[in-house]
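Scroll down for the structure; my scribbles are underneath it.
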Amino acid sequence: MLKMNGTNNFIRIDQAVAWRLCMGCGACKYACANEAITLIDIPERGIRPNVDSSKCQRCGNCLGVCPGIELSHQPFNSKTIPELLASWGPVLEVWEGYAADPKIRFEASSGGAATALALFCLEKENFSGVLHIGTKAKAPLQNVPVFSKTREELLACTGSRYSPAAPCAKLNCIQEAKSSCVFIGKPCDVAALSQHIPAVGIAYSKKFYGVFESVGVGYCVVDARNTDIKRVFEIIESAYSQRVDIQMHLQKRIPSIAKTALSIFNELK
Ligand SMILES: Cc1cc2nc3c(=O)[nH]c(=O)nc-3n(C[C@H](O)[C@H](O)[C@H](O)COP(=O)(O)OP(=O)(O)OC[C@H]3O[C@@H](n4cnc5c(N)ncnc54)[C@H](O)[C@@H]3O)c2cc1C
Ligand code: SF4
Ligand code: SF4
Numbered sequence: 008m009l010k011m012n013g014t015n016n017f018i019r020i021d022q023a024v025a026w027r028l029c030m031g032c033g034a035c036k037y038a039c040a041n042e043a044i045t046l047i048d049i050p051e052r053g054i055r056p057n058v059d060s061s062k063c064q065r066c067g068n069c070l071g072v073c074p075g076i077e078l079s080h081q082p083f084n085s086k087t088i089p090e091l092l093a094s095w096g097p098v099l100e101v102w103e104g105y106a107a108d109p110k111i112r113f114e115a116s117s118g119g120a121a122t123a124l125a126l127f128c129l130e131k132e133n134f135s136g137v138l139h140i141g142t143k144a145k146a147p148l149q150n151v152p153v154f155s156k157t158r159e160e161l162l163a164c165t166g167s168r169y170s171p172a173a174p175c176a177k178l179n180c181i182q183e184a185k186s187s188c189v190f191i192g193k194p195c196d197v198a199a200l201s202q203h204i205p206a207v208g209i210a211y212s213k214k215f216y217g218v219f220e221s222v223g224v225g226y227c228v229v230d231a232r233n234t235d236i237k238r239v240f241e242i243i244e245s246a247y248s249q250r251v252d253i254q255m256h257l258q259k260r261i262p263s264i265a266k267t268a269l270s271i272f273n274e275l276k
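Per this note's numbering, the very first residue in the sequence shown carries number 8; after that it's consecutive.
As structure tokens, this is what we get:
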């Protein structure tokens, strides 16, 4: 059986592939400053990283962001919906909605809420762009990460594409942007985004705040129960403007906190 403390001994990202832990999010490529990683679309397996040994400095940055190697979520609590727990994990609330714009609704996968919310951020909140997935020109069966800045670009990528896609490979677009951005991805892609990468948490409990505060970034949490929309965007803007400092802070703090948490879990086993 796979044990987390076994995977912690990984020294190269291709070990995640060998252990079949990779789901092709592309975050490792983004994390490698030495350009040692190439993403290869292998038809029978999906998008997987390939490491050029001559360029790899064994810095471990790619391992630090990989959601296949390590992934955690908050412990279950009494506010989760009990009927959904077994199949879906700790779901707090389920909302239903769709885009009011008929064109978006028609083009979209399941009502267009994702596109409509992203468009609102682009047009009304001056976000720089939306990092998501589109079709590769000249190879329409393949996907590419796209950074959309206009309504037209956004709508061209609306709808779900049920084939390998690595939106995290282009996280540099968000890092280099002049203001906040939207990221649309599958749960594994979003998990990669949260590994050492500055994020703002929209919370419905004090426990969420506790998780952020345990690594010293409690100020990046929005309490959705009592914060108005203006303040939400202020907190996002503030976290965005401090993103380089926050990332450096997280890279220092998370490894020691994760080690402590793991040793506590190991004692409980
Ligand atoms: C691979 C995959 C599997 C899914 N499986 C299920 C499922 O089993 N059950 C379920 O209820 N829902 C599933 N979904 C979610 C569902 O298809 C819709 O994406 C979701 O409901 C949002 O609908 P929407 O109309 O708001 O999105 P839209 O407004 O149509 O926007 C969709 C967004 O997703 C992005 N996107 C498209 N393909 C991908 C991709 N492969 N990876 C990352 N981003 C992508 C697009 O760029 C676009 O921005 C899946 C989605 C994907 C991509
Ligand atoms: S260990 Fe460092 S240099 Fe090597 S592939 Fe990973 S991020 Fe790149
Ligand atoms: S970071 Fe993503 S693409 Fe890279 S090995 Fe991990 S899961 Fe695969």
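All C-beta atoms, glycine included, are put in the ideal place defined by N, C-alpha and C.
What does DSSP give as the partner residue(s) for G208 in the beta ladder?
Residue pairing by DSSP puts G208 in a beta bridge opposite V228.
According to DSSP, is L99 part of a helix, a strand, or is it coil?
coil
Using the rule of at least 16 other Cβ atoms within 10 Å of the residue's Cβ for burial, across every protein chain shown, is S155 buried or exposed?
buried
In chain order, what residues of the same chain lie with their CB nearer than 7 Å to the CB of E244, ignoring the 5 residues before and after it?
S187
Using 8 Å as the threshold, is the C-beta distance between P50 and V24 below it?
No, Cβ-Cβ distance for P50 and V24 is not below 8 Å.
Comparing C-alpha positions only, which one of K185, G75 and C69 sits nearest to G136?
K185
Assigned secondary structure, A125 (DSSP; H/G/I helix, E/B strand, else coil):
helix
Going by DSSP in three states, A146 sits in which element: helix, strand or coil?
strand
Spell out the partners DSSP gives N57 in its beta bridges.
Looking at the DSSP output, N57 sits in a beta bridge with T45.
Taking contact to mean at least 3 C-beta pairs separated by less than 8 Å, is the region 116-131 in contact with the region 174-182?
no
Given a cut-off of 8 Å, decide if F240 and E132 are closer than it, judged by their beta-carbon atoms.
yes
Using the Cα positions of V151 and P97, report the straight-line distance between them to the nearest angstrom.
Taking C-alpha positions only, V151 is separated from P97 by approximately 31 Å.
F190 and L200 look like a contact to me (Cβ under 8 Å); what is the Cβ gap, rounded to whole Å?
6 Å
Quick one: grab the DSSP three-state call for G141.
Judged by DSSP in its simplified three-state form, G141 adopts strand.
Roughly how many angstroms lie between the CA atoms of E103 and C66, to the nearest whole one?
44 Å
What span of residues does the alpha helix (DSSP H) with C4 cover, start to end?
In the structure as shown, the chain starts at 8 and stops at 276, and residue 4 therefore has no counterpart that could be examined.
Would you check whether ligand 2 has a heavy atom nearer than 7 Å to the C-beta of I44?
yes
On the DSSP letters alone, give me the boundaries of the beta strand (DSSP E) that F17 sits inside.
Note, F17: premise wrong, no beta strand (DSSP E); not H, not E.
Residue range of the alpha helix (DSSP H) that C180 falls in?
L178 to E183
According to DSSP, which residues form a beta bridge with C188?
G136
Tell me the rounded alpha-carbon separation between G223 and G217.
9 Å
Per DSSP, the bridge partner or partners of P152:
I140
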